[in-house]
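Let me begin by presenting the structure, written as structure tokens, before commenting on it.
In the working numbering, the protein residues as written are 128 to 697.
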């Protein structure tokens, strides 16, 4: 007898092949039959008029901490995601020492937007090795999950406070390499790091990995080459990459003999020249024996910014230290005319493409918590300032003071035009890029890109008909599975694990976004369900039904080598 029979749907198998009417039989966690299936089953799903696809794969999440307080890793499964990769950007919570746990916790709160009270109350912080961390969550999650080993954690455990003060000695690099070996031997999926100027810790200084030398990065990547089924992830910089940045990523990939994906390539019709420049990293890497792919989000990376967390705003000149100040000190500066002017002077002294972050007039007042300013919600700061006879910065500062720093501002979304979506599809079809970059589990007060999969299907396929469902599903399933070497996943094929989505092609898309206050300590997060994702099955076990998360936790802990094949760079 089958465990599950999905009857009468149109199978889109993930390979790009044309859909076909077929039943799907599932037993013992695997797909055992595709075609006309007459066997009895404990559960029968009527998929008439629906598409039956492989489960979606999200290569870039930060669910490391959330895994302890929300084992469903919501909302990702609601959007058809059955496998996630976490531990990105070098921001992992293993390995760990008692004296470094508080630093890693506060760094995560600052740089990845996870509420400190949730990290304090919701995570046990009682392991030391990567292996112990993996064992602590093995068998407890809804989706399948793999975890990279992060550079900042390695550096902090070896160097402690000096991790954010200086370069490492050869002996310290050796110690980091040995810790990485231990993590990969335990099943860590690979190595991740960041040099992005947007990544500063709670004290306002660059996170540990940003103090690492080129030699340190290459040494750590060389360790990855020793272990099968591993990979690399890196955030090299903000803005247009220089030749040396491309060469660094190429040499990291070559040292590991593994693909490296970098985050984040944003695509608009207006920045097409930049997109083509950034994609050249693949070509440069190929010349140097590496393979470097751009991880691209299939939507606008919409951000809800505020001066309380200060993330992204701290890229402005001198704002890394300003945004690390306690809330009462920030408010004091905003209230003091000299302090307020100093903040704006620093912002306007920023040079390069990031200077636009300080263009206060261009932001929209997305959310205010003061009755005084509610009538202005949804309007541009520049227009509000003009009406009040003030400079844009002064108008924003007045609102922020009244909101006790909680004011939410955003740049109007200019990435929903047909021309931009056509360019995005062109990038997805380019072998030098891979779809992903959801950042799910991070920046909980700021982003809604957890819906990347349903957004892709809705905007590019259902609404604009820029590609077929068959092609779109490949970008969400088989391509990421093959890049990471996921064994027997990413396709609907007999003998493969039964990670399956049943969706309505006429309605699939992201649902309404709202704040949900369900985190430890009562903190809130930006949240959103999906539309048209009717069933999600993980390893043969129903996990989502008609938009509701079920009680089952059938996900596998994906361990490198055991559950992955080696994908080389050359």
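Just so it is clear, CB atoms sit at the ideal spot from N, CA and C, and this is done for glycine as well.
With a threshold of 16 other beta carbon atoms within 10 Å, residue 483 falls short and is exposed. From the listed residues 183, 149, 176 and 168, the smallest Cα separation to residue 600 is found for 183. Assignment of residue 237 by DSSP, reduced to helix, strand and coil, places it in the helix class. Only residues of its own chain outside the window of five on either side were considered, and among them 646, 647, 648 and 650 have a CB closer than 6 Å to the CB of residue 245, listed in chain order. Excluding five sequence positions before and after residue 381, the CB atoms of its chain that fall closer than 6 Å to its own CB belong to 415, 416 and 417, given in chain order. When DSSP states are grouped into helix, strand and coil, residue 319 belongs to the strand group. Residue pairing by DSSP puts residue 148 in a beta bridge opposite 137. Note that the stretch 168 to 175 does not touch the stretch 199 to 206; fewer than 3 beta-carbon pairs, one per stretch, sit closer than 8 Å. Setting aside the 5 residues that flank it on each side, residue 615 is surrounded in the same chain by 622, 623 and 624, each with a C-beta closer than 7 Å to its C-beta; the list follows chain order.
Comparing alpha-carbon positions, the option among 413, 428, 457 and 419 lying closest to residue 434 turns out to be 457.
Residue 432 and residue 164 have their C-alpha atoms roughly 52 Å apart. Counting along the chain, no beta strand (DSSP E) covers residue 597; the unbroken alpha helix (DSSP H) around it starts and ends at 596 to 603. Note on residue 541: under 16 other CB atoms within 10 angstroms of its CB, so exposed under the neighbour-count rule.
Contact annotation: the stretch 581 to 592 does not touch the stretch 446 to 455, with fewer than three C-beta pairs closer than 8 Å. Residue 328 sits in coil when the DSSP states are folded into three classes, being neither helix nor strand.
About 4 Å separates the Cβ atoms of residue 278 and residue 217, confirming a contact at the 8 Å cut-off. A residue is called buried once 16 or more other Cβ atoms fall within 10 Å of its Cβ, and residue 327 is buried on that count. Secondary structure within the stretch 408 to 475: the alpha helix (DSSP H) runs of 4 or more consecutive residues, fully enclosed, are 446 to 449, 454 to 462 and 464 to 475 (chain order).
Under the three-state reduction of DSSP, residue 500 is assigned to coil, being neither helix nor strand.
About 6 Å separates the Cβ atoms of residue 684 and residue 261, confirming a contact at the 8 Å cut-off. The straight-line gap separating the alpha-carbon atoms of residue 628 and residue 150 is approximately 13 Å. Of the residues assessed, residue 611 falls on the buried side of the cut-off, its CB having 16 or more other CB atoms within 10 angstroms. The beta carbon of residue 396 sits closer than 7 Å to those of 544, 546, 547 and 550, all from its chain and outside the five residues before and after it, given in chain order.
Counting other Cβ atoms within 10 Å of its Cβ, residue 566 reaches 16 or more and is therefore classed as buried. Relative to residue 160, the option among 129, 186 and 176 whose CA is nearest is 129. Judged by beta-carbon spacing, residue 563 lies beyond the 7 Å limit of residue 480, meaning their Cβ atoms are not closer than that value. Segment contact: the stretch 349 to 362 against the stretch 372 to 390, three or more CB-CB distances shorter than 8 Å; contact assigned. In the structure shown, the three-state DSSP call for residue 347 is helix. According to DSSP, residue pairing for residue 212 in a beta bridge involves 273. Looking at the DSSP output, residue 172 shares a beta bridge with 133. The shortest CA-to-CA distance from residue 597 to any of 618, 465 and 613 is the one to 618.
For residue 548, the enclosing alpha helix (DSSP H) begins and ends at 545 to 555.
Boundaries around residue 387 are those of the beta strand (DSSP E), 387 to 392, since no alpha helix (DSSP H) includes it. Across the set 440, 408, 537 and 525, the C-alpha of 408 shows the shortest separation from the C-alpha of residue 557.
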